[in-house]
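Each protein sequence line maps, in turn, to chains A and B. Mapped onto my numbering, the consecutive letters of the first sequence carry residue numbers 16 to 499. Mapped onto my numbering, the consecutive letters of the second sequence carry residue numbers 110 to 516. Note that the Cβ used here is the ideal one computed from N, Cα and C, for glycine as well. All values derive from a computational prediction rather than experimental measurement. Below is one structure; the comments refer to it alone.
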Amino acid sequence: MDEDVLETYVRSLMKSAEYLGKAVNYIELKSLIRRFMEFNPGADPRVIDWVGVWDPTLTYSEQVASFQQNYPGFRWREAEEITEEAFEQMKRRKVEEVFEAVKELDEESLRELLELIKRELGEVEVIQEITPAPTILQETPIPTITLEVLAKYPVFPETREFFETFEMEEVDDYAEAAKKRVLEALQRGEKGVLPREDPIEDLLTFILARVLCIATKEPWLLKRWALAEAARMERYLHVEAKELKELVLKTVLNIEAVDDRRLSDEFSYKVHLAEYLRLIRELSGPEWRLVNRMVHRGYVHLTEAEVVRLFRQLVYQRFSSTENVPKVSIKQLPPKLQEAAEDIMRELVNLRSSYAYETVVEHAEDWPPCMEAIRARVAEASHKELFSFAAFLINRRYSTEQILAILSERPDFNEKIARYQVEHIAGLRGSRTKYRPPSCQTMKSLGLCVEDGRLCPKWIKNPLEYRKELKERQKPKQPTQTPP
Amino acid sequence: MEGSRSIPASSPSLSVRQALQAEQERRLRFVRSVFARYYRSDQPPPIEVTEPERREFAYWEFGKQVMTRHLSFQSVGELMKKLAEVVPLHAYRSSAYFRYPAAPMEEKGWEGADLVFDIDADHLDLTCVQEHQYRVCPVHGLAEVLEGKCAECGSDLIEVEWVCERCIEGARAELVKLLNVLMDDFGIPESEIEVGFSGNRGFHVVVYSDALRQLDQMARREIVMYLTCEGIDPSILGLPWKGRKTKGLRRPSLEDPGWRGRIVRAVARHLVRSGEMAGWLEDPDWSAAKPSYWRELISKAIAEEKVRIDPVVTQDVHRLVRLPWSLNGKTGLAAARIPLDRVEDFDPFEEAVVLKGPPVKVRVLFSPKFKLGGEEFDALEGPVEVRMPVAAAVYLMLKGLATLSRG
């Protein structure tokens with residue numbers, strides 16, 4: 016990435032930060048990215064979720080530490096200088112350790128060890144002559160799915176097999192750790208769940224956290240948790256070894272290698288149009304719009320970093336979906352898990368009351384079908400939909416608190432940002448313009464109009480003009496449709 | 110009555126209105142009888158619908174203000190029987206597949222929908238549309254004004270939606286662009302594409318693809334944006350655009366797929382036409398000119414290449430689509446199916462003319478020169494009585510330009 020491209024990239028990041036209402040310091044961000052590129056030559060800075068992880072309350076060095084914590088696979092700092100003395104000390108300590116261990120060996124093992132040491136010291140060259148490197152025969156190794164791999168990417172069918180070897184009662188001791196994982200997800204959201212050390216605990220708490228979220232029957236919680244887990248997996252995957260990365264991606268996504276010469280130098284993968292459109296449902300950036308993609312013969316072409324981003328979307332969609340989920344209720348869980356689930360519920364109630372929103376009095380019967388529809392899918396709604404919806408509510412004199420209460424159903428809800436945006440639309444900030452929802456015409460062109468306006472009185476030009484009484488009065492008239 | 114003479118010609122007298130009403134009813138009865146001959150013929154129209162048992166059907170009847178909806182048929186044969194019985198003014202099938210097609214909308218159980226595209230000459234900003242904007246008085250013929258009432262009798266003027274060959278050519282150009290994107294970019298095989306004439310001034314394209322059938326409204330919105338270039342950002346596609354320097358950009362290639370290639374080809378065409386930057390084609394490089402130069406050419410290229418479809422139709426997952434080979438009640442022409450290899454030379458004023466019967470005597474209010482069913486008709490400044498082939502007579506009557514002669 017040369018200076019020009021970096022400049023453009025940082026500016027686009029600043030734009031999306033602004034869009035999210037996040038205060039990001041331009042100079043700091045740019046120097047952080049420069050630092051990243053310097054320490055990780057060859058790595059693409061686009062794999063880092065700069066804006067997502069950025070925390071405006073931190074100092075620059077804390078910021079670096081936070082990125083290091085979130086992306087431990089990359090180098091973020093100069094390695095500490097080691098003095099000769101310290102090196103000697105470390106060596107001596109290692110030798111002592113080995114010596115202690117050797118004391119415990121029996122005679123046969125000692126003899127074996129001696130052989131090994133001899134070979135290591137003197138006969139290295141001979142060994143190399145006898146067995147020349149079999150480079151020609153070597154195929155790309157198929158990575159084995161170890162427990163560590165499963166713990167990092169619990170997307171393989173083996174996850175289920177692993178869990179099925181346990182009885183629910185056996186895993187009850189992991190309830191506390193699973194609860195921690197859910198609460199961490201609740202708190203960190205898009206920043207992702209932090210890495211765990213023990214793979215068995217990692218994998219079990221992942222599965223149990225999901226069980227807990229499902230058992231609480233709080234769709235928002237399940238979504239928020241899925242968001243954090245998907246972000247975690249994405250981060251691992253960006254820095255994963257090539258073979259394993261490919262295996263994970265191909266297990267989850269229907270991707271193919273690009274064979275067209277005209278495209279293969281820019282893009283590594285392609286995905287079918289229909290699958291692409293499903294994956295980008297929640298992505299709002301212009302770079303994801305189909306019109307800005309290279310589309311050829313039914314396939315959308317993607318760089319590896321982009322495929323990894325879509326992997327995150329798919330993982331999110333899969334783990335946040337309540338379809339085909341086993342029906343579990345809190346009462347069916349073993350005692351410690353039950354307790355954990357109840358703790359989580361309490362925490363959720365606390366969190367919600369800490370928002371201190373007014374109870375919402377929704378007069379949804381007075382809402383036009385388009386607004387009802389956005390209300391119904393508020394958790395998945397796009398930026399444009401939310402804008403229209405918030406503008407509608409503001410103009411119908413709902414308070415900021417009431418609107419925030421509805422918006423808090425979103426898994427990526429961030430109170431500070433949401434409040435800023437709502438107040439912006441209400442004209443309390445920035446340009447001081449109070450916005451109206453888009454006209455019916457615009458709603459139509461945005462694809463947000465329901466049934467082409469057939470359910471509304473003919474004369475309304477803006478969703479705001481819709482009132483239930485008026486619709487009732489119109490009812491005797493038959494619905495009309497312009498034939499195509 | 111003395112007083113009635115002083116009433117200005119702003120509202121026609123009761124007797125005139127009654128006469129007009131009676132005439133219209135007579136006219137519709139006549140057109141219906143001609144339509145009936147088509148639907149009840151020994152050689153019935155080749156109407157084809159895939160998976161009819163999973164679709165909803167609907168029609169408008171002559172003289173009724175309401176569309177009859179939520180009909181379900183187990184076979185095309187059953188549907189044909191109904192058409193012969195009802196003789197509709199317009200007939201439709203749903204693009205959507207339902208579990209219970211006859212249930213009310215909320216209970217139908219949506220199971221996917223074909224991808225539908227509508228190209229209408231009226232939405233293409235063609236210059237000819239202004240040239241054939243007519244208003245006629247049902248009594249006095251062509252009116253001078255484009256608004257209000259007839260200056261002579263106060264009757265409401267009828268707005269005529271005339272269609273000329275340039276309209277059809279304009280729509281055809283968009284159709285060809287659409288088909289190219291569907292096949293080259295979206296990779297849809299020819300066997301899954303159905304092209305049809307709308308029966309008036311445009312074309313319909315239906316894509317029967319298992320892979321795309323499940324797309325929801327938002328996904329279809331992406332497809333609309335792709336075709337119409339809405340939200341396109343050429344800099345993301347690696348083209349010189351705002352905030353992007355030409356240095357370090359990929360060399361332009363005429364062979365590139367997708368919008369990038371399409372834009373580069375259109376830019377190259379402009380350069381060839383204008384004679385500017387000779388030699389660029391042999392060694393194409395964006396750094397050969399300033400970014401602002403390219404920006405202008407790229408804007409032009411996009412305006413030329415974007416496909417002007419009706420966005421609402423494609424986004425709607427509950428759309429009703431005209432039945433292929435049914436009659437269009439605005440013209441009496443058939444919604445003819447067009448084989449893909451005939452798209453370039455299909456002549457709707459020839460091949461969509463299916464109405465048969467002895468010539469009819471009509472009273473033409475006004476008519477521009479037109480061609481229909483292999484015959485040419487001179488412009489007429491009426492009202493004037495003439496004898497015409499039945500298809501031409503029905504065409505003018507449904508456009509509001511002729512009435513049935515009393516003789």
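Shown here, residue 177 of chain B sits in a strand according to DSSP, grouped into three states. Within chain B, the residues 320, 321, 323, 324 and 328 have their CB atoms less than 8 Å from the CB of residue 289 of chain A, given in chain order. Checking the DSSP bridge columns, you'll see residue 243 of chain B partnered with B:269.
Secondary structure remark: continuous alpha helix (DSSP H) runs of at least 4 residues inside the segment 390-418 of chain A, in chain order: 398-410. As the crow flies, the alpha-carbon of residue 199 of chain B is around 31 Å from that of residue 477 of chain A. Non-local beta-carbon contacts of residue 356 of chain B in its own chain, meaning distances under 7 Å to residues more than five positions away in sequence, involve 396 in chain order. Counting C-beta atoms within 10 angstroms of its own C-beta, residue 441 of chain B has 16 or more neighbours from the protein chains shown and is therefore classed as buried. Within the segment 355-369 of chain B, 356, 357, 359, 362, 364, 365, 366, 367, 368 and 369 place their CB atoms closer than 9 Å to a CB of chain A, listed in sequence order. Contact between residue 315 of chain A and residue 338 of chain B does not hold, since their C-beta atoms are separated by about 17 Å, which reaches or exceeds 8 Å. Within the DSSP secondary-structure output, residue 473 of chain B pairs in a beta bridge with B:493 and B:511. The shortest C-alpha to C-alpha distance from residue 92 of chain A to any of A:61, A:112 and A:77 is the one to A:77. Looking at the DSSP output, residue 227 of chain B bridges to B:313. With a cutoff of 8 Å on beta-carbon distance, residue 432 of chain B and residue 175 of chain B are scored as not near each other. In the structure shown, residue 279 of chain A adopts helical secondary structure according to DSSP, grouped into three states. Annotation for residue 129 of chain B: no beta strand (DSSP E) segment contains it, though the alpha helix (DSSP H) segment containing it runs 123-148. Two segments are said to touch when three or more pairs of C-beta atoms, one from each, lie closer than 8 Å; by this definition the segment 277-291 of chain A does not touch the segment 262-270 of chain B. When 7 Å is used as the limit between beta carbons, residue 301 of chain A is near these residues of chain B: 340, 342 and 345, in chain order. With a minimum length of 4 residues, the unbroken runs of alpha helix (DSSP H) contained wholly in the segment 344-412 of chain B fall at 367-383.
Looking at the backbone, the Cα of residue 136 of chain B and that of residue 512 of chain B are separated by about 7 Å. Under the three-state reduction of DSSP output, residue 334 of chain A falls in the helix class.
Around the beta carbon of residue 331 of chain A, 16 or more other beta carbons lie within 10 angstroms, which makes this residue buried.
Between residue 161 of chain B and residue 460 of chain A, the CB-CB gap reaches or exceeds 8 Å. Secondary structure of residue 222 of chain B (DSSP, three-state): strand. With contact defined as three or more Cβ pairs closer than 8 Å, the segment 262-273 of chain A and the segment 335-353 of chain A are not in contact.
Within the segment 288-321 of chain B, those residues whose Cβ lies closer than 8 Å to any Cβ of chain A are, in chain order, 293, 294, 295, 296, 297, 307, 313, 320 and 321. Listed as beta-bridge partners of residue 110 of chain A by DSSP are no residues whatsoever. Against chain B, the CB of residue 311 of chain A has a partner CB under 8 Å away; the residue lies at that interface. Taking 8 Å as the cut-off, the beta carbon of residue 230 of chain B is found closer than this to the beta carbon of residue 279 of chain B. Residues of chain A whose Cβ lies closer than 7 Å to the Cβ of residue 421 of chain B are, in chain order, 459 and 467. If you compare the alpha carbons of B:219, B:215, B:166 and B:221 with that of residue 192 of chain B, the shortest gap goes to B:166. Residues of the segment 422-444 of chain B with a C-beta atom less than 8 Å from some C-beta of chain A are 422, 424, 425, 427, 428, 429, 430 and 431, listed in chain order.
Contact between the segment 269-288 of chain B and the segment 438-458 of chain B is present: three or more C-beta pairs spanning the two stretches fall below 8 Å. In this structure, residue 169 of chain A and residue 262 of chain A do not form a Cβ contact; the two beta carbons are roughly 14 Å apart against a cut-off of 8 Å.
Note on geometry: alpha-carbon atoms of residue 61 of chain A and residue 27 of chain A lie some 11 Å from one another. A straight-line Cα-Cα distance of about 49 Å links residue 296 of chain B and residue 72 of chain A.
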